[in-house]
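In order, the protein sequence lines correspond to chains H and C. With the numbering used here as the guide, the letters of the first sequence map in order to residues 141 to 392. With the numbering used here as the guide, the letters of the second sequence map in order to residues 563 to 817. Built from N, CA and C at the ideal position, the CB exists for glycine as well. Inspection log for the structure reproduced underneath, given as structure tokens.
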Amino acid sequence: MSAFDANTWIGRWPFAFLTEHSPRTLMAHLRERGIDRAVVSPLDAVFAPEPGAANRALLRSTRLFPELVPVPVINPVLANWRDELEVCTRDQRVRLVRVLPSYHGISLGSRPMAELVLELRQRGVRLAIQVRLIDERHEHHALRIKPVSMRDLSRLLAAHPEGPLLVSGLLRSEVITLAPQHAHLLADLSFAEWHDTVQHLLAKVRLEQLVFASHTPFLVTAAANAKIVSSGLKGSRLASLSHRNLERFLQP
Amino acid sequence: MSILDVHTHPLFRDDGRGREGVKSFLASARSQGIDHLVALGDVLAYGRSPNAAQIRKINDDTVWLVKTYPEMVTGFCYLNPTLGERAVWREVERCVELGLRGLKLEIANNARDACMRPVMASAERHDLVVLQHAWSMTKIRQRRYHTDPEDAVLLARRFPNVRVIMAHLTGCGVRGVLAARSCDNLWVDTSGAAPEARLVEYAVEQLGAGRVLYGSDAPIRDFAVAIARITDSGLDAATQRRILRDNACELLRRP
Chain H
141 MSAFDANTWI
151 GRWPFAFLTE
161 HSPRTLMAHL
171 RERGIDRAVV
181 SPLDAVFAPE
191 PGAANRALLR
201 STRLFPELVP
211 VPVINPVLAN
221 WRDELEVCTR
231 DQRVRLVRVL
241 PSYHGISLGS
251 RPMAELVLEL
261 RQRGVRLAIQ
271 VRLIDERHEH
281 HALRIKPVSM
291 RDLSRLLAAH
301 PEGPLLVSGL
311 LRSEVITLAP
321 QHAHLLADLS
331 FAEWHDTVQH
341 LLAKVRLEQL
351 VFASHTPFLV
361 TAAANAKIVS
371 SGLKGSRLAS
381 LSHRNLERFL
391 QP
Chain C
563 MSILDVHTHP
573 LFRDDGRGRE
583 GVKSFLASAR
593 SQGIDHLVAL
603 GDVLAYGRSP
613 NAAQIRKIND
623 DTVWLVKTYP
633 EMVTGFCYLN
643 PTLGERAVWR
653 EVERCVELGL
663 RGLKLEIANN
673 ARDACMRPVM
683 ASAERHDLVV
693 LQHAWSMTKI
703 RQRRYHTDPE
713 DAVLLARRFP
723 NVRVIMAHLT
733 GCGVRGVLAA
743 RSCDNLWVDT
753 SGAAPEARLV
763 EYAVEQLGAG
773 RVLYGSDAPI
783 RDFAVAIARI
793 TDSGLDAATQ
803 RRILRDNACE
813 LLRRP
């Protein structure tokens, strides 16, 4: 199975004993588990005052790894976001940017968010929204971080039906609620789970709206493969889920 | 490798499968190498504090599972300790007679509450394993009736002759593992939430390979995902085998 991972991270996460991956160690880790390509974002951008330095390091450090598609983090609340987007998208590999609403104080219904969506559309760059990085029940006791509100996400999707949008970190119930309402929503499978995850989702959601994602290093990487392998999907349907849906999403 | 899953709910009203769906649920387990599992009942079917009739109905379903699939299923008796000593004893006696082999506690009360005394006394009398739901209450803030890892440890310490499983390693986290360290009659199952990385390794490092048990929490969780928490852990094959099967066999006194 050729697998293209829609959600991986490099760098350090301070609140758990996770592996601190560089592009080299991440790619080796993924390859050992049968994943040959991945989009990757920088964890250092999550708590930094602004994501520029982390994005620059991401773009620099992934240059020798064509299997990794760098996905910078953009924070539209900050005054410099257009400059940051401009700098990042000069790199031809950047086909997608990620926003972290819960960690960066971004309201999905805000003007900056609407402007970012418009700007990305004009540039032909895709958007990924990270609903949660970890289970909100397990956040550090000193932090109060809630996942993105499903109502706000649904409104954003309804307001911008013109192009596909990747949403990472949705739970099973959230995928089932949102995907049938918004045909342009692409849901990553990292947090979605049921005893027969893929078949359960496919009873309610179109295959074209689901993408393989491990959320490495937060979650056990092989668990993501196991979901797909145990699904019983074969041939072109398996290929759609494991890599083609994400490839199509990233095409200009 | 054959696997024993200590934490499942084969009947789960929320998903609308009913008894007819059990066959496919068990087939799904078998396809992942699980040849035996512990059925804990549909514990939230009637809310967090079911009455005696509702408890009986849930346990009757578990008895049906055990009788229908005796090679595949060990059943635990679900209890609501707040119903009082007489109700607890009556239900335990009934369920032991019908072949159930352990007790399951959910979120009717906190494990440190006095109403747990008859539960633990009945477990000791019948040599039953107690599986106590637990989750870190740091964020959830329901400790009045919802058991924190430290509460599960306190329960096990108060009743050193009873074997206790603290459910949900991922929900209990590093703090839960550390609390469990010096409590020899307490085991931890690997279920709970999404498969957060490095926790199984940490639990083995702190508790030793003998006190960690594979559990899935299916159907809420995916068997294949739950197994990958162990098989992608970097632990050696012998340790994985202990977690996936041998520890549970010893605990449940299965050959």
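Can you give me the start and stop residues for the beta strand (DSSP E) that H:A178 sits inside?
R177 to P182
Taking only the alpha-carbon atoms, compute the straight-line gap between H:P320 and H:L342 and give it to the nearest angstrom.
11 Å
Can you check whether the CB of H:A146 is closer than 7 Å to the CB of H:D328?
yes
First and last residue of the uninterrupted alpha helix (DSSP H) at C:C811
N809 to L814
For C:T801, which of helix, strand or coil comes out of DSSP?
It is helical.
Among C:G595, C:P643, C:S590 and C:H571, whose alpha-carbon lies nearest the alpha-carbon of C:T793?
C:G595
Can you look up C:D675 in the DSSP assignment and give me helix, strand or coil?
coil
What would DSSP say about C:G796, mapped onto helix, strand or coil?
coil
Taking H:S313 as part of the beta strand (DSSP E), name the residues at either end of that continuous run.
It is not in any beta strand (DSSP E) - H:S313 instead sits in the alpha helix (DSSP H) that spans R312 to L318.
Terminal residues of the continuous alpha helix (DSSP H) containing H:N195?
G192 to S201
Could you tell me the boundaries of the beta strand (DSSP E) in which C:C639 lies?
Segment V635 to L641, the beta strand (DSSP E) holding C:C639.
If you measure between the beta carbons of C:A601 and C:L566, is that distance less than 7 Å?
no
In the DSSP output, what is C:Q616 paired with across the bridge?
Beta-bridge partners assigned by DSSP to C:Q616: none are found.
For C:F785, go through chain H and note every residue whose CB falls closer than 9 Å to its CB, in chain order.
H335, D336, A366 and S370
Quick check on this structure: which residue in C:K701, C:I702 and C:W697 has the alpha carbon closest to the alpha carbon of C:V715?
C:W697
Short of 7 Å Cβ to Cβ, which residues in the region 751-767 of chain C face chain H?
Residues A755, A756, P757, E758, A759, R760 and Y764.
Can you tell me where the beta strand (DSSP E) with C:H569 in it begins and where it stops?
Start and end: I565 to T570.
Which residue's Cα is closest to the Cα of C:M728: C:D779, C:T630, C:G646 and C:T700?
C:D779
Can you confirm whether C:T700, when its beta carbon is compared against all beta carbons of chain H, has any partner nearer than 7 Å?
yes
Throw me the rounded Cβ distance for the H:E259 and H:L293 pair, which I believe falls under 8 Å.
In fact, because the Cβ distance is near 19 Å, the residues do not count as touching under 8 Å.
Count the other C-beta atoms from every protein chain shown that fall within 10 angstroms of the C-beta of C:S593, then say buried if there are 16 or more, exposed otherwise.
exposed
State the start and end residues of the unbroken alpha helix (DSSP H) segment that holds H:P241.
P241 to H244
Pick helix, strand or coil for H:M167, following the three-state DSSP scheme.
helix
In or out: C:N723 buried (at least 16 other Cβ within 10 Å) or exposed?
Classification of C:N723: exposed, given that the 10 Å Cβ count is below 16.
Using beta-carbon positions only, say whether C:A670 and C:N642 come within less than 7 Å of one another.
Between C:A670 and C:N642, the C-beta gap is smaller than 7 Å, which places the two residues in contact.
Do you know how far the Cα of C:R705 is from the Cα of C:N672?
7 Å
Strictly below 8 Å CB to CB, what residues from chain H border C:R791?
V360 and A363
Once DSSP output is grouped into helix, strand and coil, what is the label at H:I274?
Note: H:I274 maps to coil in three-state DSSP.
Give me the residue from H:H244, H:G192 and H:G249 with the minimum Cα distance to H:R272.
H:H244
Could you compute how far the alpha carbon of C:A786 sits from the alpha carbon of H:S380?
20 Å
Can you tell me which of C:H708, C:R703, C:R652 and C:M699 puts its alpha carbon nearest to the alpha carbon of C:S683?
Note on identity: in this sequence residue 683 of chain C is Ala, with Ser being the wrong assignment. The residue among C:H708, C:R703, C:R652 and C:M699 with its C-alpha nearest the C-alpha of C:A683 is C:R652.
Which residues in chain H sit within 9 Å of C:P711, going by Cβ to Cβ distance?
Those do not exist, as C:P711 stays about 13 Å from chain H at its closest Cβ, beyond 9 Å.
Inside the region 714-765 of chain C only - beta strand (DSSP E) runs reaching at least 3 residues:
726-728 and 748-751
Name the chain C residues whose beta carbon is nearer than 7 Å to that of H:F389?
Within 7 Å Cβ-Cβ: nothing; H:F389 doesn't reach chain C, min ~23 Å.
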